[in-house]
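This report concerns only the one structure given below.
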Amino acid sequence: MNTIFQFELKHSSKHWVIILFALALIGVGLFCGLKFNLTVGEGIYLNSPYTIGFMMGMLSLVILFFAIPFSSQLLFKEWDSKFDVLFFALPFSKVTYLKGKFWFLFLKTFLCFTFLILGFVIGQNLRVGDEMQAGFNLWHYLYPLLIFGFLNCFSVCSFLFFIAYATRKKLLVVVGGLLLYVLYMVLLVFSNSPFMSNSLPQSLAVQQLSALLDPFGISAYFYEARTFSVQDRNASIVSLSNLLLINRLLVVYVSGFFLWMSYRLFSFSLNRGKGTSEKLKLNPKNSIIQLDKNVISKLYFDASASLKSVISFAKIDLIYLFKSITIVAVSLLLLFYVGMEMYAEIDKGIRLPEKYASSGLLATVIIKNFHFLGMLILTYFINDLYWRSQTSDFEFIEKSTYFSKNKLKGHLVSITILIGFFTLLLVAEAIVFQFIYNYPTIDFKAYFGVFIFNTFPLLLFSAFALLTNAVFKNRFVSLGVSTIAVLVFTTPIFKMILPYPLLQIFSGFKGGYSDFNGFGIYIFAFFQRLLFGASVIALLWLLNGLIKTKVWYYKKSISVIIIVILGVFTGIYFMNGYLPKNETKTNAEAVNYEKIYSSFKLLEQPTITDVTTEIDLFPSNNAYKIQGKYLLKNLTDSPIEKILINFHPDLKIENAVFTSPNENLKIDAFTTEIKLKKPLQPNEEATVNFKLSYKWFAVNGHQSFNAIINNGSFMRISNYFPTIGYDTYFELDNPQKRDEFQLDKISELKKIEAPEVFKNDFINLKMTVSTSNNQTAIGTGDLIKKWSAKNRNYFEYQAKYIPFRFAVSSAEYQQKSTVYKGIDITIYYTENHFENVDHLINNAKITLDYCIENFGAYPFNSINFAEVSSFTSGFAATAYPSAIFMTEDMIFHTNIQSDKKQDVINELAGHELSHLWWGNNQINPDEREGAQMLTETLAMYTEMMLYKKMYGKEAMMERLKIHQQIYDNEKGYYENQPLYKVKYGNSHIAYSKGAIVMVKLSNLIGEDQVNKALKNFLINNAYPKKSTSLDLLDEIYKVSIDENSRAKIDKLFKSILLEN
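The opening position of the sequence shown corresponds to residue 37 in the numbering used here, with each subsequent residue numbered one higher.
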C-alpha cells in the first residue's frame, strides 16, 4: 500500500469525529429520502430507476462541499504546519506522495457521499404511499452511484487537486470548486431538465452541447432519457450509451489530464522561481540614530484610537484581498455565472422571443443567483481572513496588543466592503447588458432591491460566520459549521425544521420585480426582518465579548436595551397578520366537509342566474371589499328542501343573509347547510346577499390569482365568491391522506361516453368596480358607464349569459383605443410597455376578421386587453368575456423585433381572442374527458391559421415544429391520452399535440372544411347544451370527403401517440 495513503488513513481513522460525521451524513440522507418529493411527472414513482438516477445526480453536487474543505485541509497541511522543510529527508518520491494524497482525498470524499446515499436509500425505502412502487432493486441505486457518485468524485477531486498544487492558494481551490458548480448550473439551463421548464424548449443542438459539457453528467442523463415513456422511467435505467457515455468518458479523460498536469507542476518547494532574490542593503546613515532628548510615547485607548485600530485591521484585510489573484478569479466567476443567467433570462429559447433587458429583469436575476453563491464565497473568504494570522504565526504578536479585541470588527468592515464591491460589480454588469440589448432605461429602484435582498442578508451572514470562526478553536471545524449553515439557511431544509418566517434572517428573496409595482410591500417587510436579524446577531456578538473579556460596562447595558427594543419592535411589526399553516387542521376540515356534506353530491340545488356585485379595491392597503347579491332559481322539476352555501376561507364574512319567499337566515359560517322551512318550489326564486373583505400581509405572501397590490392588481374574483351546493374545492386531494382517513377514492373525471347534458348555469353579471382615483379598473363584460366620486373611480360592467367566471384588474394604465367594425378595441398597459401596443391592435383586427368570417358574430360590443403585474403568474394571458388579461413578464412586453419568426403578439391576439368563440360563452363544454380539446385545442388551431395568414405556411410549419418538440419533451412525464379524451392539466396534449393534429386535419380535408365544421359545431352545440369532443368529431365527419378520410381523422384524434 502507498506509504502516504497508509499514513493518512491510519491518522484519520483514530478520530472519533469521523464516526460522528458519518452518522450525521446518514441522518441527513435519511431525512432527504423521507422528505424529498422531487417528482417530475404524473405516474412516475419516487423510487423508479429514472427518479433515483436524477436524484442521485442532483445530490452529487454535494460532493463539492465535501471536496473543497477536504482539499483545503489535506493538500496544504504540510505547508500549514511548516513540515514541508523536512520533505527532502523523507524516503518517498513525488509520484508516491501525489498518489497517496489524491487517492486519500478521493476515498474520503467518496465515502462521505456514500454515507449520504446510504441514508437516502434507507429513508426512501421507509416511505409508504401511492408515490412508491413495490419492490427493491439494489442495482437501481448502485448504477447511478457509480456513474454519478464515483465518477463525479473522481473529476471534482482531480480538478481541485490540480488547482491546489498548481497555485498553492486555498482560496483558488474554493474558486475552482465554485466554478464547477457554476458551470453545472449554467449548462442545466440549456439542458432538457424537467426542472428548467421555463427555459424550454431549447434547440436540440443546444441540448446536445449541454449534455457533452456538463461536468456532473446530469444534462446528458436528461438528454438520453428524453424519449422515455412513463413506463420506461418506472422500469428501466438510463443506459450508459451515446451522449451519456461520451460525457462520462470525457470526464475521465479530462480528470486524467488534470492529474498529469498536477504531477508536472508539483514541487516540494514553495519557491519555484528561477530568478535570484534581491539582497537588502543597509544605509549606514540610517543605522545609528542619536536622540537629543528622551521621547516618551503617548498611548491612547479612547474611542478614536479604537476606531483607528478597526480601520487598520480592515485595511490589512483589504490589501491582502485586492492584491490577490483570488479576487480577480472570484469576480470573473461571478460575472460569468450571473451574466449567463442574465443571457438565459433575456433569450427564452426557440419558443419565445427575447425579453427586453429591463433593470427589473436583470436585478431579479442578480437577487436570485448571487445570494447562495455569495454565501459560499464569503464562507471561505471569512475563514481565510480570520485564521490568516494563525497560519502565519502572527497571532501571538497580534493578541499581545490592546486593541486585538477589535479584530472581528475590522474583519466585518473589510467583508462589508467586499460584499459591496461584488454587488456593484454585478449591478454594473446588468447596466452593461441593458446597453448591449439597447434598453438603456435605468430603474434605480430595481437595483436598490439588490442591496436590500442580497447585500444586507450577506452582511448578516458574514457577521454570523465571523462569530462562528471566533467561537470554534479549529479552523476546519468552523469552516464546516459555516458551510453547513449555508446549506441549511439557504435551502428548504430550514423551513421544514423552523417554518416560523421571522427566524429566516439569512434567506434571500424568491419573488420578482414588477414595472407596475416594484417589489411591493415585500421590500419593507424584508427590511424589518433584516433589522430583527441584525438585533439577534448584535446580541450574539455582545455575548461573545462578555464571555471572552468577563467585563461588562453600563454602556453595553444601554446597547442591549436598544437592541432588544429594536428586535422586538421590528419582529412584532413583521409578524403582523401572520397566519401559520396548519396542515393537520386543514386536512381535518377537508375530511369533515366531505363526510358531513357529501350527500349534497346527489341533491339538486338552485341555480345562480344573476350576480350583482360591487367590488371596492384598495390597492395601497392590499385589500378589497365585496358586496354581492345572488338571484337563485329552482330550475329543477322537484322542490328543494336543503341548500348548501360555501364561502371561501381566505375571505372574511362581514355579513351574509339567505332570503326565500318564506324566511330570512343569517349566515356566519364558511359552510352552511340551510334546511328550508318550506321547500323551494320549481321556478321559485331566492336571494343571497353578502359582504366580504380581504387583506393580505407580506409575512404570508400573496396569492397569484388574488393579487391586490399597489399597482397592477389582478383577481380571478369569481374564485372567491360563494358557491352553491357541494364544492369539490374543499375536498382532500392527497390519495395517501384519503386512505389514512378512510375516504373513498377521489371522484374521477366523467368519461367521454357518458350521456350528454343540458344545463342552464350561465349567469347575467352586473359588476361595479371602484378603485383609487389614479387607477382604472377593468372588469368582465362591456363597460356601461364610469364616473368619479369621493376621490375614487367607478366602473360598471355588464355581461349576459356567461359562465360563472369573472375577473378584475386595476392599475395606473395608459390606454390606446380604436373602433373596428363597431367593436371597441382598447389596450391598457403600464407607461413603459408601449412597444407592442399597435401590433396587438392590428392583430386583434385580423383575428376578429377571421373569426367573424369563419365562426360567427363577435358576442360583445368591446374587447379590452389589460396588462397586469408579474405578481400574478401561471399564465401568459387569460380570456374572459370582453376582457383579456396579460401578465407583463411573459409575452406582451417582449422584443418581437429581435426575431420576426417569434411573433408572440400574434399568438396573444389569435389564441386568447378566439376564446371568445371557444369556451367563454358561446359554448360551455361539459366537465369530462376531452373538454380542453373544445377550448385550448380550437384556440391553438385559430392561432396557427392566423399565423399562416400573416407569415405564410412555411413559417407556420416552423412554429409547429416547436410544438412538436414541446410535445416530445413532455409526453414522457405524463400519461399519454388521445386528443379527444385529454384530461385537465395535460397542456402538452391540449395545446401542442392539439395544434399539430388540427393543422394535419386542415391539410387533410382543407382549411375551409375545418372552419365549416367548427361553425356548425358552434350552431348545433350552443348553450345550454354541454358539448363534448364527440360532438365536434361528428361535425368533422360530416364535412370529410370519404371513408378513407374518416379513418385518418380517427387516427389523428384517437391515437394515443402522435406520429412525428
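Ideal placement from N, C-alpha and C gives every residue a C-beta, glycine not left out.
In the structure shown, the three-state DSSP call for L370 is helix. Y422 sits in a helix when the DSSP states are folded into three classes. One Cα belongs to L1015, the other to F1053, and the distance between them is close to 17 Å. Within the stretch 932-971, the complete alpha helix (DSSP H) runs of at least 4 residues fall at 940-943.
Residue ranges of uninterrupted alpha helix (DSSP H) with 4 or more members, entirely inside the stretch 430-486 and ordered along the chain, are 431-435, 443-472, 480-486. Counting the other CB atoms within 10 Å of its CB gives S117 a total below 16, which places it among the exposed residues. For S514, the enclosing alpha helix (DSSP H) covers residues 511-525.
Annotation for S1076: no alpha helix (DSSP H) segment contains it, and DSSP assigns it neither H nor E. Look at S360 here: in three-state DSSP terms it is coil, with no helix or strand label. Of the residues assessed, G1021 falls on the exposed side of the cut-off, its CB having fewer than 16 other CB atoms within 10 angstroms. For D646, the pairing in a beta bridge is given by DSSP as L667, N800.
In the three-state reduction of the DSSP assignment, S853 falls in the strand class, which pools E and B. In the three-state reduction of the DSSP assignment, G554 falls in the strand class, which pools E and B. Our two residues, Q641 and D797, have alpha carbons roughly 11 Å apart in a direct line. In the structure shown, the three-state DSSP call for F128 is coil. Judged by DSSP secondary structure, E677 falls within the beta strand (DSSP E) whose first and last residues are 676-682. Scanning Q267, A202, R163, I676 for the CA closest to the CA of M297 turns up A202. In the same chain as M922, and ignoring 5 residues on each side of it, the C-beta atoms closer than 6 Å to its own belong to E903, A913, F928, in chain order. Spatial neighbours of S824 in its own chain (CB-CB distance under 8 Å, excluding positions within 5 residues in sequence) are listed in chain order as N809, Y830. Annotation: the continuous beta strand (DSSP E) that includes Q834 extends over 828-838. I689 carries a strand assignment under DSSP once its states are collapsed to helix, strand and coil. The stretch 204-223 and the stretch 410-422 touch, with no fewer than 3 CB-CB distances between them shorter than 8 Å. By the Cβ neighbour-count rule, Y666 is buried, with 16 or more other Cβ atoms within 10 Å of its own. Ranked by how close their Cα comes to the Cα of R841, the residues E867, F891, T759 have T759 in first place. DSSP places Y987 in the helix class (H, G or I) of the three-state scheme. The three-state secondary structure of M611, taken from DSSP, is coil. Sequence-distant partners of N698 (beyond 5 residues in either direction) whose C-beta falls short of 8 Å from its own C-beta, in its chain, are L712, K713, K714.
Closest by C-alpha distance to Y660, out of H951, I744, I55, is I744.
By the 16-neighbour rule on beta-carbons within 10 angstroms, K591 is exposed.
Rounded to the nearest angstrom, the gap between the Cα atoms of I403 and F195 is 29 Å. Your pair N746 and N553 checks out as a contact, with CB atoms roughly 5 Å apart and the cut at 8 Å. Here DSSP, grouped into helix, strand and coil, assigns F928 to helix. By a beta-carbon distance limit of 8 Å, F525 contacts F542. Their separation comes to about 4 Å. DSSP places M168 in the coil class of the three-state scheme, outside both helix and strand. When DSSP reads this structure, D780 sits in no beta bridge, so it has no partner. The distance from the Cβ of Y864 to that of F901 is about 7 Å, consistent with a contact at the 8 Å cut-off.
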